[in-house]
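Student: First, the structure itself, so that you have it in front of you.
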Amino acid sequence: MKQLNVRLDDSIHAALEQRAEAAGMSLPDYARKVLAEEADERRERFLTAAAHFAQAWAPAFEAEFGPYHKEAARPGTADAA
13 MKQLNVRLDD
23 SIHAALEQRA
33 EAAGMSLPDY
43 ARKVLAEEAD
53 ERRERFLTAA
63 AHFAQAWAPA
73 FEAEFGPYHK
83 EAARPGTADA
93 A
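Its first residue numbered 13, the sequence shown is counted upward by one per residue in our numbering.
Here it is in structure tokens:
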């Protein structure tokens, strides 16, 4: 097993600690998970396919459901469903 040492800005470190805590994980375990997901070629293929799908079908979705409102979709807002 290899080891990787990374220097982070304090704000990035704090944000990662918060995400790790929210996921119920230690910071090293969370960092390993994030890096493993980033290295997974299947994830990259999925994201590319999802972006293609969104671009190709956006007009049909907008015609059916109306325009996308970012404010209404934000978690924790009164308009989020």
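No residue lacks a Cβ here, since even glycine has one placed at the ideal position from N, Cα and C. These numbers were taken from a predicted model, which means no experiment stands behind them.
If you reduce the DSSP assignment to three classes, tell me which class residue 91 lands in.
Tutor: Residue numbering aside, residue 91 sits at position 79 when the sequence shown is read from its first letter. For residue 91, the pLDDT reaches just 48, beneath the cut-off of 50, and the residue's location in the model is therefore unreliable, leaving the point undetermined.
Student: Just to confirm before moving on: does the CB-CB distance between residue 39 and residue 32 stay below 9 angstroms?
Tutor: Reading the sequence shown from its first residue, position 27 is the one you call residue 39. Reading the sequence shown from its first residue, position 20 is the one you call residue 32. The answer is yes: Cβ separation under 9 angstroms.
Student: Looking at the secondary structure, which residues open and close the alpha helix (DSSP H) in which residue 41 lies?
Tutor: On the sequence shown, position 29 is the one that residue 41 refers to. First-last of the alpha helix (DSSP H) with residue 41: 39-51.
Student: Please confirm whether residue 20 and residue 28 have their CB atoms less than 9 angstroms apart.
Tutor: Within the sequence shown, residue 20 is the residue found at index 8, counting from 1. Within the sequence shown, residue 28 is the residue found at index 16, counting from 1. Contact: yes.
Student: When you compare only the Cα positions, how much space is there between residue 52 and residue 58?
Tutor: Position 40 of the sequence shown, counting from 1, holds the residue named residue 52. Position 46 of the sequence shown, counting from 1, holds the residue named residue 58. Those two C-alpha atoms are separated by around 10 angstroms.
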